[in-house]
Structures are given as structure tokens and as C-alpha cells.
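Numbering (the working numbering), first residue to last: 671 to 1170.
Cβ coordinates follow ideal geometry from the N, Cα and C atoms, glycine included.
All figures in this text were calculated on a predicted structure; none of them were measured in a lab.
Data first, discussion second: the structure below is written as C-alpha cells.
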């Protein structure tokens, strides 16, 4: 049986915001993005469309702390029922008295559950879950801003948050109470309830998603019968996100929960868990919005590796298969994740992936984008990775030497050239004999390439000789290069026997 562990450090992502277009902007067909952002920072939305305050008028009830013990549970139940009334928070001045009565009642309920013992008796469970469900479960409004940039735009906040936050706080204290009985709660916190809870992770308000993350983690830890269902539904959300919608606000929070769940998996790993890694977590790297949740995704991947080293090859080959071709920002993220993986990789597993991995690293070193090249070269600053490279120098050095030598002569960025010189120096200290052999071989190959490019007409222009004297000129040219081997040509001027 797996046991959920403590959640990893949170890194909330910014959700989608909405905005309305004022009439003044309709005149200008090209509004400035900065103006849109200014409006988005003031944006509020509400998904509460079931207001009842016009039909029900709340009256203050006695305080729980002043109630006699015999009446405490009855009063607690009445306050739960009172808190089922919903209010319109888009109208700031409507029902102010009712809003304050409900806020005070919610505060009392939170304090009572958190500090008092013996409050949560069996009859209160259905009333508590009903109050929670009425307040938090609703249809989320669609995003109003298709151009939302989570790294620059401010999210749209839930207008009813003054009440909603207290309801979430009550739910959390309810689950964490010493009096909480999973055997009673499971009758009401069922699969339907969990599915609705997961749908709320698409909320645009990061404050709500933060509460949902903690609450779902507590539900997973206390209600064992729901664990498989929760994992299955998270799996479905990710699959829809990858292959259908490409949009879901709560991916980062769900991955944080998964990070703690993976850490508690029993060994050996079940096939279902390995399939989740290969079919869901690895393909998540293809998402356009990867930057929002990459830290949490990388954490989950590393957790899998630390649990079972045999999945290492699947992970690295999967990342190489989905390696970004045109987005340098994603390429830098991939390199960062590869370094995290190499930090915990077993030497026996490293041998299985070193060849395709260092071919890709060599390609990154030759990137004209200096951040990509720089991030790849930083691998040689990691002591553990350096020890792995040294143990397998005979394989790795030939894979990267040509790229390092060429880029050191051609790259436009002086910092990259300096880093490459340091890497070449490190390799020379590791295995000077192999380094010298590769240097000589590289120079010979370079001269061969230059000779391949020489044609009779170009040669005559290059040397001043007549085309008929081309063969003689090639031999003179070779002699000047001090090459011991003679290259023979056929009548058409093409190489037919390279070394003799």
C-alpha cells in the first residue's frame, strides 16, 4: 500500500484572467497590450449563479461558545444550514447584513472544529458535507481572455472569496480534526464528490487551487478506498490536457499532489504506475505551457527514478524523443531536468543511456543560442556528473570532441568559447592519450573535407594553375600540408582511394 508523504514546496502557477472591453477602446482597433494588462489586474469574476439571499433572510444565532453543552450540536447544525445561503459578491453593497452574518457563522464553525473536542458527531457529517458542497461546487466561468499570459498577466480572482475561503478552511479543519472518522465520512465524500472536487482545479483563482491541493491530499491520505479512483481521474485530466484541450489551470497543483503520492508508492512499482510515467508524465513535456508546471513535473519524474532505478532508461529516452526543436526556453528547461536526473542516476543505468544522451548534449553545445549552449556546458561543473563522464570517457569524449573543437573556433559568444576551453582541458586531464588521438584525427578529417570540396575549375582559380594541371596541384597541396598519405583521384576529379 502506498502512503502519501508531505507535499513538496509549492510553486503556484498563475491562472487565466478575464477582462471586459470598455466602449472607449472600441474606437481603437489595436489596443495596447499594457492597457489590457492594467484592466486584468483589476479583474474579478464570480461563478456563483445560484443566489438565494433574496429569498432567505438570515438572522444571527447565539454564539457557539456561549451555548449549553446539551444544545451545542443542535446550534452547530443550524449554523451549518445557515451557511448554505449564497450571496452575490459582484454587487458590493447588496445584502451586507446577510453576508456579515454568514461570515461570522463560518468563522465560528472553523474555530469550533479546530479547537473543540467531541463536536463532530455522526449526525453532523451529512450537514457539514452538504454545506461544503453547496458553497464550493459550481460551474466555473469560461476564460474571457484567450491571450492570457500566465507569466505577465494577473489572474482573475473569485469575487465570493471572503466566504469561499472560510468554507475551504472549515473543510480542511474538518479533515484534520482528531475527531474525524473516515468510516463515517466515506458515506458522503464519495467518488462523485471527489470528481467535482477535481473539476474545481480548473479555477482561475490560485488561492482556491492552493486550498484544493491541500484538501485533496488530506482526502487521499485518510480515505483509502478513494485512492485508486483519485489517481485514475487525475490521469484522465492530464490525458485530456495533453491530447485535447491543452488548457487546465490546475496542472501544477495536481502534480504537486502526485509528487507526494509517488514518494509513498510501495515497491516493486505496479505496472499501472509505470504506465502512468510513460504514457502521461513524459508526454506532459510536450505542452506549450510547460514553463508553468515544469518544476513540479521534474520533481515527479525524479521521484519515480529514486523509487525504481529501472525506469531511468524509459525517462531519458522519452525526454530525448520529445526534445524541443524550435523553442530554446523549453530546451533550457529540458537540460535542467536532465541534470536533476543525472544527479540521482545509478552508474549502471548511466551506461545504458550515455550514447544517445551525449549526442543530444553535443547538439545543444553547438546551438547558436548561447543560453542553450551554456546550460549544456554547465554539466561539467557538476561533480557527480563529471565522475560519471570520467568513468566512461572512452565512450563520451569521441561523441562530443568534434563539436567542442569546432564550436570553440566558430561560436560568436566569448563566454561559450571560454567554457568549451575549460571542458577540453578537463578531458585532456582525464585521458591525454585519447585526447591527442582525437585531435589528430579531427585535423585529418578536416583536411579530407576541404579536399572533397575542391573541384578542377575552383582549384585552377585557387592556385592559378590550368585545369589540366589539377592532379599535380593536388599532390603539391598535400605535400605543403605535410600529410604522409597520398590521395589519388580518378579522371573526373573524385576521390576513389582515400589512403594508400
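Would residue 896 pass as a contact of residue 945 if the rule is Cβ separation under 9 Å?
-> no
Buried/exposed call for residue 740, threshold 16 Cβ in 10 Å | exposed
How is the alpha helix (DSSP H) around residue 1013 delimited, first residue to last?
-> Counted as a single uninterrupted DSSP element, the alpha helix (DSSP H) harbouring residue 1013 occupies residues 998-1014.
Nearest candidate by alpha-carbon position, reference residue 812, set 1040, 872 and 1068 = Nearest neighbour of residue 812 by Cα position, chosen from 1040, 872 and 1068, turns out to be 872.
Alpha-carbon spacing of residue 1103 relative to residue 1116, whole angstroms = When rounded, the distance between both Cα atoms is 20 Å.
Cβ neighbours of residue 700 in the same chain (closer than 8 Å, five flanking residues each side left out) | Because the pLDDT at residue 700 is just 40, under 50, the model does not fix this residue reliably, and the value given afterwards should be weighed accordingly. No residues qualify anywhere along the chain.
Excluding five sequence neighbours on each side, which residues of the same chain lie with their C-beta closer than 6 Å to the C-beta of residue 1061?
-> none
With DSSP run on the structure shown, which of helix, strand or coil describes residue 905?
-> helix
Where do the ends of the alpha helix (DSSP H) carrying residue 1082 lie?
-> Premise fails: residue 1082 is in no alpha helix (DSSP H) and is neither H nor E.
Specify the secondary structure class of residue 707 as computed by DSSP and reduced to three states.
-> Low local confidence applies: a pLDDT of 45 at residue 707 is under 50, so the model's placement there is unreliable, with the coordinate-based value given in what follows. Secondary structure of residue 707 (DSSP, three-state): helix.
DSSP state of residue 824 mapped onto helix, strand, coil = In the structure shown, residue 824 falls within a coil segment according to DSSP collapsed to helix, strand and coil.
State the DSSP-derived secondary structure class of residue 723, mapped to helix, strand or coil.
-> Here residue 723 scores only 48 on pLDDT, less than 50, and its place in the model is too uncertain to base an answer on.
Taking the alpha-carbon positions, what's the residue 1067 to residue 1118 distance?
-> 22 Å
Helix, strand or coil for residue 921, going by three-state DSSP, please let me know.
-> Looking at residue 921 - three-state DSSP - the assignment turns out to be helix.
For the alpha helix (DSSP H) containing residue 862, list its first residue and its last residue.
-> 861-869
At which residue ranges does the stretch 932-975 contain complete alpha helix (DSSP H) runs of 4 or more residues, listed in the order of the chain?
-> 941-946
Assigned secondary structure, residue 926 (DSSP; H/G/I helix, E/B strand, else coil) = helix
In angstroms, rounded to a whole number, what distance separates the CA positions of residue 939 and residue 901?
-> About 15 Å.
When DSSP labels each residue in this structure, what does residue 857 get in the three-state scheme?
-> coil
Work out the CA separation of residue 1008 and residue 731 for me, nearest whole Å.
-> 59 Å
Residue 950: buried (16+ other C-beta within 10 angstroms of its C-beta) or exposed?
-> buried
Reducing DSSP to helix, strand and coil, say where residue 733 ends up.
-> coil
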